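Here the protein sequences line up with chains L and P, keeping their order.
Numbered per this note's numbering, the first sequence spans residues 853 to 1056.
Numbered per this note's numbering, the second sequence spans residues 853 to 1056.
Okay, so here's the structure we're looking at.
2 protein chains.
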Amino acid sequence: MSNSPKAENLTWHQTAVTRTDLEKLHGHKGVTIWFTGLSASGKSTLANAVSVALYKRKVSAYVLDGDNVRHYLNRDLGFSHEDRMENIRRIGEMARLFTQAGMVNLTAFISPYRSDREMARQLQPESFLEVHCAADLAVCESRDPKGIYKKARNGIIKEFTGIDAPYEPPDNPELRLDTGVLSVDQCVDAVLDLLEQHEIFIIR
Amino acid sequence: MSNSPKAENLTWHQTAVTRTDLEKLHGHKGVTIWFTGLSASGKSTLANAVSVALYKRKVSAYVLDGDNVRHYLNRDLGFSHEDRMENIRRIGEMARLFTQAGMVNLTAFISPYRSDREMARQLQPESFLEVHCAADLAVCESRDPKGIYKKARNGIIKEFTGIDAPYEPPDNPELRLDTGVLSVDQCVDAVLDLLEQHEIFIIR
Chain L
853 MSNSPKAENL TWHQTAVTRT DLEKLHGHKG VTIWFTGLSA SGKSTLANAV SVALYKRKVS
913 AYVLDGDNVR HYLNRDLGFS HEDRMENIRR IGEMARLFTQ AGMVNLTAFI SPYRSDREMA
973 RQLQPESFLE VHCAADLAVC ESRDPKGIYK KARNGIIKEF TGIDAPYEPP DNPELRLDTG
1033 VLSVDQCVDA VLDLLEQHEI FIIR
Chain P
853 MSNSPKAENL TWHQTAVTRT DLEKLHGHKG VTIWFTGLSA SGKSTLANAV SVALYKRKVS
913 AYVLDGDNVR HYLNRDLGFS HEDRMENIRR IGEMARLFTQ AGMVNLTAFI SPYRSDREMA
973 RQLQPESFLE VHCAADLAVC ESRDPKGIYK KARNGIIKEF TGIDAPYEPP DNPELRLDTG
1033 VLSVDQCVDA VLDLLEQHEI FIIR
């Protein structure tokens, strides 16, 4: 190995593609849209519907939700308070990376605690739009697509958000939608308006 | 809350943008290029140089390395064997998400153990290209940009890969580059050739 050439003559210096470069390539800004709300309040449905609407506008958008995160990146985590916090922390970090990559990323997690959401926001305060899916508990419980509210009411599931664990609604979300009353299309339009207001589609 | 309307009449079903949709939008496939090699072997430099070359071809590419991962997503992890494994696991999961989002993602981590890299590969075996930055230890040590080899030799840093901790070179990487001899441009060209071979630029 001592015969290996020294490498000082080779230009091994750092070059990089910046967030702004990628935003120019994609034709829009990177941003996190953070959906929060009770189970069955429509977070994941809405996030996916928005991603479809954005795709039609040629916007590069990606949904992070239980289906692709909880069982993979965060599969080592349970549901203790500490693990829930770590779950949200990692999702926040991942969201930040997608924003840095110039993508619109939509996170759909209950994220019941204000302090956790605030932590995620502080990772990228200028690129974080919080959307509260504010369907009433009664509506969510009547939907109950996986029968989990029933299990929570029967005590089979413990510490279930909205039943025997708290949900702390955001005080000042960028958008609050009554997803128990509005249609998906109405909610999608409201999120698109929010993105317009924040000039996500405008590249300076 | 009992007065809230039932929501069965609202179309809260799931729609989604697929990986294939995003690949069409971006005009190329999503893939992980996994750079592995000793400290100072040029992984991060090469990953960034490739991302710049790809950007010039209008390819959406993003580098994951120590600068944006170790101190953020994985800041809770140390350097025990268990933590190193968890570090690579999370990076592998994150890489998979970027691939799913239709982006070329380049990871630049020492990732010294075959079993860890194999774990990352198995998360997305059809979209994982391993590139061994195979500069000799002597070259890496002579570069030593952060003075860490010196500290490892002096025993100030323990369990340093290549000095008193093993580096297990890949048996069958998709590409092996002697990054101690080749120029950055030569290496970039070789990686671009690899992507051509794997038809990353072709959308079917």
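Note that the Cβ used here is the ideal one computed from N, Cα and C, for glycine as well.
No experiment lies behind these values; they were computed from the predicted model shown.
Asked	Found
Quick one, which residues of the region 927 to 955 of chain P are near chain L if we go by CB-CB under 8 Å, in chain order?	928, 938, 942, 945, 946, 948, 949, 950, 952, 953, 954, 955
So, with DSSP's three-state summary, where would you put residue 897 of chain P?	helix
Taking C-beta pairs closer than 9 Å, name the residues in chain L that residue 907 of chain P reaches, listed in chain order.	869, 873, 874, 877
Listing by chain order, which chain L residues have their CB less than 8 Å from the CB of residue 1001 of chain P?	Those within 8 Å of residue 1001 of chain P in chain L number zero; the least Cβ separation is about 13 Å.
Going by alpha carbons, who is nearest to residue 1017 of chain L out of L:881, L:1023, L:1007, L:1042?	L:1007
With which residues is residue 833 of chain L paired in a DSSP beta bridge?	Shown here, chain L extends from 853 to 1056; a query on residue 833 of chain L therefore has no answer.
Please name the residue in P:963, P:1002, P:973 whose C-alpha comes closest to that of residue 986 of chain P.	P:963
Let's see if you can read the secondary structure: which residues bound the alpha helix (DSSP H) around residue 872 of chain L?	871 to 878
Whole angstroms are fine: how far does the CA of residue 944 of chain P sit from the CA of residue 923 of chain L?	14 Å
To the nearest angstrom, how far is the alpha carbon of residue 1036 of chain P from that of residue 893 of chain P?	11 Å
Provide the residue span of the alpha helix (DSSP H) that contains residue 1001 of chain L, from first to last.	1000 to 1005
Closest to residue 937 of chain P by CA distance: which of P:896, P:971, P:901, P:1011 is it?	P:971
So residue 983 of chain P and residue 1025 of chain P are supposed to be a Cβ contact under 8 Å. How far apart are they, rounded?	6 Å
Just checking: is the beta-carbon of residue 883 of chain L within a distance shorter than 8 Å of some beta-carbon in chain P?	no
Do you know how far the Cα of residue 999 of chain L is from the Cα of residue 860 of chain P?	Here the model assigns residue 860 of chain P a pLDDT of 39, short of 50, so the residue's position is not dependable and the matter cannot be decided.
Are residue 1042 of chain P and residue 869 of chain L close, meaning C-beta to C-beta below 8 Å?	no
Which bits of chain L does residue 910 of chain P rub up against, with CB to CB less than 7 Å?	877
Does DSSP classify residue 917 of chain P as helix, strand or coil?	strand
Starting from residue 868 of chain P, trace the beta strand (DSSP E) both ways and give me its first and last residue.	Per DSSP, residue 868 of chain P belongs to no beta strand (DSSP E) and is neither H nor E.
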